[in-house]
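Asks:
Chains as they are written, first to last, in this note's numbering: chain P, 17 to 451; chain D, 17 to 451.
Rendered as structure tokens:
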């Protein structure tokens, strides 16, 4: 049950379950003591979903930025500034263009993604975060029954969008060095997909990054087979080690790669601003889908993020994010080294998460259970398309301080030991070695 | 072409069209003089879509609120207040609940829609405006091929959402007193729709309001045929004359009517905040659709609108909106009386628009053309489902001052006279008398 849902009155629930009302009341009391419900006199009883804060669990579950780093001062200044210009504020409160707030679109095309300055604002559509950009892509490109090729394991929100659009998904394996190009080549010989979707930098959940030659090959394959190619570039700005690789869009001389960006990982997810850079024809189709989805993205958020980027606040914030991310990634990798029950983990150079595979036969969900709620993470099954990942899980480290990371991984280690002691070597997944 | 689209360089366009470059340059220059393009040295040439401001046209095209009434001071105060609470701001910038900002959900369920206080926050989902609420409804309830009954003429954004979801639409005629219940009854005997969608108050485009008895009959019919019933209540707060009628949701003892509200008409459309009140089961399905659409609606907008409503700013703003709306509606009705070429127009008691039908044989698009761009409005065809409305058009009056309204209708009258002089009585639509 989602957080904040109101439960039926105990009398009502007792009636519908055919049990005594005191039984229900006792159950509610128990759940309230455990912090899973909150009762308000006269208002009712509400679900209080466990979060890291309320349960004390160390959560590796969410690839969201650390909010203690949010530059509240800089945002305050922008808000203050906006209040000094009544005409501006009035225009931000009024209905606007489906394409987005013009100065932000200009900024994204000419400055922020300096790599592909040849795209002008006419090739930029503002979306309500990356999630909506994916949804618009599904709406503009995919008919029920169409084939779509995605990476596997994959971000569940990407899989769900295309699944709900009626696409048949083919999951292409992602290894330590990103999407397996050979598998793609083989798949393209057999099938003709409508779209290929790739996260070349710090893929979620593996953290893998596609090498330059694979990027070049990927673009060539997509062109050769005349398939639309889209890249999710939302973690791209979060490289802690090594050198940036060119985006697919910048490598593609025809500029036909669809590029999805967002402020959610490099800045603030709560404001819900992302974007798509694409050919004019693609932007037109996406804009039509956007129009009927929600008319346009909230104006004030777009204004704030444009001001934040333009004023240098974003660059300053990113420096801090990179410094902190580097420490957190390093703490995660060192801690994982100490757990013998872990057979393998990826070593990303940036992003927010990595992919852990337990020793053969150890079940990730069992290990999660064995932590007794002191740690949370998403087990491999959440990221599956057509394979199974029973022994794998995602660790999202970016939102946790090094001490919490070390403690959390220590708890996972203990839990894995206990689970190993009681787990027969039940099955061997042929896919465990993929990442 | 939408506003802000960048045009190809004249050399490029000349090549692709096979014409001389000076021809293209001359065309660009001409369009720039007419204010339809703007050229920026070093950046390129951009489409500058005509708006009331830039062309001097009097626009009756958009049912958006008058931004000169926006209480910029009150919003400034809220923004100032938010900057004094760093923890609050930090939480607004972070990822949040798909259901929406909890205090706003509570407010909507208990105070704002005081009519149906029995619904708790668990029965409220925040959406990115009414447009997204409609889209979520289509996603949660409609499979391709499903029947959906809507009013006709109807808001194009509603029609498009369900059309794109693959629904087969049945348009039920809307008369001066709203949806024709007899037509609904007949249609329900023949067909079993998945959903009925109605705007009981100040329907867009007709401005019609459904009488109490029709509301009661509508709910009974939906229940009898076991069809989901949804009401769009976004104009509900804008009654200039007469007494409020109860919403469908408040009349329905089973509380199964789905109720869509929004801040866009009663406050600010640029912040994109709407909501759905429904049964817990319906909210769960809608929330799942929302999750994969865009995770959640922007936090800061929700915070601002909650503060605005909670502090009394919204009530104060609505008083002004009602006063202004009353004057503008009155100016519109009086001016329309003076045009003999108009056979009929609706007389709404609130909302933002009304529906005008020209004398038999007069074509609304011809009249629009004959205004020579000095006035704009949406012709009847924009609101059609399966009928034709060649002689009708929508006049959205809420965004125009009385003087502009009078001048605009005078221009329409002249244009209609000119068009009548040159128009044979070509056709008779059996539906012209419906509204």
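C-beta atoms are modelled at their ideal positions from N, C-alpha and C, and glycine is treated no differently.
#1: Alpha carbon to alpha carbon, how far is residue 159/D from residue 30/P? Give it in angstroms, no decimals.
#2: With a threshold of 16 other CB atoms inside 10 Å of the CB of residue 12/P, please say whether the residue is buried or exposed.
#3: Could you tell me which chain D residues have their CB closer than 9 Å to the CB of residue 220/P, listed as they occur along the chain?
#4: Determine the extent of the beta strand (DSSP E) in which residue 214/P is found, giving its start and end residues.
#5: Determine the closest residue to residue 229/D out of 208/D, 313/D, 222/D and 261/D, with distance taken between C-alpha atoms.
#6: So what does DSSP say about residue 362/D, is it helix, strand or coil?
#7: In the DSSP assignment, find the beta strand (DSSP E) that holds residue 277/P and state where it starts and stops.
#8: By DSSP, does residue 192/P sit in helix, in strand, or in coil?
#9: Applying a beta-carbon distance threshold of less than 7 Å, which residues of chain D neighbour residue 162/P?
#10: Opposite residue 290/P in the DSSP bridges: which residues?
#11: Can you list, in chain order, the residues of the region 258–286 of chain D whose Cβ is nearer than 7 Å to any Cβ on chain P?
#12: Verify whether the separation of the beta carbon atoms of residue 383/P and residue 437/P is less than 7 Å.
#13: Pair every Cβ in the region 276–286 of chain D with every Cβ in the region 106–116 of chain D, then say whether three or more of these pairs are closer than 8 Å.
#14: Taking C-beta pairs closer than 7 Å, name the residues in chain P that residue 180/D reaches, listed in chain order.
#15: Please classify residue 34/D as buried or exposed, where buried requires at least 16 neighbouring CB atoms within 10 angstroms.
#16: Answer yes or no: do residue 53/P and residue 306/P have a C-beta to C-beta separation smaller than 7 Å?
#17: Quick one: Cα of residue 133/P to Cα of residue 274/P, how far?
#18: Taking only the alpha-carbon atoms, compute the straight-line gap between residue 154/D and residue 177/D and give it to the nearest angstrom.
#19: Can you check whether the C-beta of residue 147/D is within less than 7 Å of a C-beta belonging to chain P?
#20: Beta-carbon within less than 6 Å of residue 22/P's beta-carbon, same chain only, minus the 5 sequence neighbours each way: which residues are those?
#21: Using a Cβ cut-off of 7 Å, pull out every chain P residue sitting near residue 240/D, in sequence order please.
#22: For residue 315/D and chain P, any beta-carbon pair shorter than 7 Å?
#23: Mind pulling the chain D residues with CB within less than 9 Å of residue 173/P?
#24: Anyone know if the C-beta pair for residue 409/P and residue 393/P falls short of 7 Å?
#25: Would you please state the rounded distance, in angstroms, between the beta carbons of residue 170/D and residue 401/D? I believe it to be under 8 Å.
#26: Run down chain D in chain order and give the residues with a C-beta less than 7 Å from the C-beta of residue 61/P.
#27: For residue 368/D, which residues in the same chain have their Cβ closer than 6 Å to its Cβ, ignoring the five residues on either side in sequence?
#28: Cα separation between residue 77/P and residue 256/P?
#29: With 16 as the cutoff for other CB atoms within 10 Å, does residue 446/D come out buried or exposed?
#30: From the DSSP output, in three-state form, read off residue 61/D for me.
#31: Roughly how many whole angstroms lie between the Cα atoms of residue 216/D and residue 95/P?
#32: Between 357/P, 363/P and 362/P, which has its C-alpha nearest residue 375/P's C-alpha?
#33: Is there contact here, the region 335–346 of chain P with the region 172–187 of chain D, by at least three beta-carbon pairs under 8 Å?
#34: Span of the alpha helix (DSSP H) holding residue 304/D?
#35: Name the chain P residues whose beta carbon is nearer than 7 Å to that of residue 95/D?
#36: List the endpoints of the continuous beta strand (DSSP E) containing residue 411/P.
Replies: In this structure, then:
#1: Taking the first residue of the first chain as 1, we reach residue 30/P at position 14. Taking the first residue of the second chain as 1, we reach residue 159/D at position 143. Between residue 30/P and residue 159/D, the C-alpha separation is close to 36 Å.
#2: Here chain P comprises residues numbered 17 to 451, so residue 12/P is not present and cannot be evaluated.
#3: Here residue 220/P refers to the residue found at position 204 when the first chain is read from its first residue. Within 9 Å Cβ-Cβ: nothing; residue 220/P doesn't reach chain D, min ~14 Å.
#4: For the purposes of this step, residue 214/P is identified with residue 198 of the first chain, where counting begins at 1. From DSSP, the beta strand (DSSP E) with residue 214/P extends over 211–214.
#5: For the purposes of this step, residue 229/D is taken as residue 213 along the second chain, with counting starting at 1. For residue 229/D, the nearest C-alpha among the options comes from 261/D.
#6: Along the second chain, one-based indexing puts residue 362/D at 346. In the structure shown, residue 362/D sits in coil (DSSP, three-state: anything other than H, G, I, E or B).
#7: Reading the first chain from its first residue, position 261 is the one you call residue 277/P. 274–278 is the extent of the beta strand (DSSP E) around residue 277/P.
#8: As a first step, residue 192/P is located in the first chain; it is residue number 176 there, counting from the start. In this structure, residue 192/P counts as coil in the three-state DSSP scheme.
#9: By 1-based counting over the first chain, the position of residue 162/P is 146. Those do not exist, as residue 162/P stays about 14 Å from chain D at its closest Cβ, beyond 7 Å.
#10: By one-based count along the first chain, residue 290/P stands at place 274. Residue 290/P is bridged to 143/P and 278/P.
#11: For the region 258–286 of chain D, which is checked against every Cβ of chain P, the residues closer than 7 Å are 284, 285 and 286.
#12: Position 367 of the first chain, counting from 1, holds the residue named residue 383/P. Position 421 of the first chain, counting from 1, holds the residue named residue 437/P. No. Outside cutoff.
#13: no
#14: Sequence index remark: in the second chain, residue 180/D carries index 164 (1-based). Correct list: 308.
#15: Here residue 34/D is taken as the residue at index 18 of the second chain, counted from 1. That one is exposed.
#16: One-based indexing of the first chain puts residue 53/P at position 37. One-based indexing of the first chain puts residue 306/P at position 290. No, these two residues do not count as a Cβ contact at 7 Å.
#17: By 1-based counting over the first chain, the position of residue 133/P is 117. By 1-based counting over the first chain, the position of residue 274/P is 258. Low per-residue confidence applies at residue 133/P: pLDDT is 46, beneath 50, and the placement is therefore not dependable, though the value from the model is reported in the following sentence. Cα-Cα distance, rounded: 15 Å.
#18: Start at 1 with the first residue of the second chain, and residue 154/D comes out as number 138. Start at 1 with the first residue of the second chain, and residue 177/D comes out as number 161. Roughly 7 Å between the two C-alpha positions.
#19: Start at 1 with the first residue of the second chain, and residue 147/D comes out as number 131. For residue 147/D, at least one C-beta of chain P is nearer than 7 Å to its own C-beta.
#20: The residue given as residue 22/P occupies position 6 in the first chain. Cβ neighbours of residue 22/P beyond the five flanking positions: 60 and 62.
#21: Your numbering for residue 240/D matches position 224 in the second chain. Going along chain P, no residue has its Cβ under 7 Å from residue 240/D, so there is no contact; the nearest lies around 25 Å.
#22: Position 299 of the second chain, counted from the start, is the residue given in the question as residue 315/D. Closer than 7 Å to some Cβ of chain P, the Cβ of residue 315/D qualifies, so yes.
#23: Against the first chain, residue 173/P aligns to sequence position 157. Neighbours of residue 173/P across chain D, judged by C-beta separation under 9 Å: 307, 308 and 311.
#24: Numbered from its first residue, the first chain carries residue 409/P at position 393. Numbered from its first residue, the first chain carries residue 393/P at position 377. A contact, by the Cβ cut-off of 7 Å.
#25: Stepping through the second chain from its first residue, residue 170/D is reached at position 154. Stepping through the second chain from its first residue, residue 401/D is reached at position 385. At roughly 6 Å, the Cβ-Cβ gap stays under 8 Å, so residue 170/D and residue 401/D are in contact.
#26: As a position in the first chain, residue 61/P is number 45, starting the count at 1. Going along chain D, no residue has its Cβ under 7 Å from residue 61/P, so there is no contact; the nearest lies around 10 Å.
#27: Start at 1 with the first residue of the second chain, and residue 368/D comes out as number 352. So the qualifying residues of the chain are 79, 412 and 414.
#28: Taking the first residue of the first chain as 1, we reach residue 77/P at position 61. Taking the first residue of the first chain as 1, we reach residue 256/P at position 240. Whole-angstrom Cα-Cα distance: 21 Å.
#29: Taking the first residue of the second chain as position 1, residue 446/D is located at position 430. Reliability of the predicted coordinates at residue 446/D is poor, the pLDDT of 39 falling under 50, and no value is obtained from them.
#30: Within the second chain, numbered from 1, the residue matching residue 61/D stands at position 45. In the structure shown, the three-state DSSP call for residue 61/D is strand.
#31: What you label residue 216/D is simply residue 200 of the second chain in a count that begins at 1. What you label residue 95/P is simply residue 79 of the first chain in a count that begins at 1. Spanning the two alpha carbons is a distance of roughly 39 Å.
#32: As a first step, residue 375/P must be located in the first chain, where it is residue number 359. Out of 357/P, 363/P and 362/P, 357/P has the C-alpha closest to the C-alpha of residue 375/P.
#33: Contact fails: fewer than three Cβ-Cβ distances are below 8 Å.
#34: Numbered from 1 along the second chain, position 288 holds the residue referred to as residue 304/D. Run containing residue 304/D: 296–310, per the alpha helix (DSSP H) assignment.
#35: For the purposes of this step, residue 95/D is identified with residue 79 of the second chain, where counting begins at 1. Within 7 Å Cβ-Cβ: 95, 98 and 99.
#36: By 1-based counting over the first chain, the position of residue 411/P is 395. 408–412 is the span of the beta strand (DSSP E), which, as asked, contains residue 411/P.
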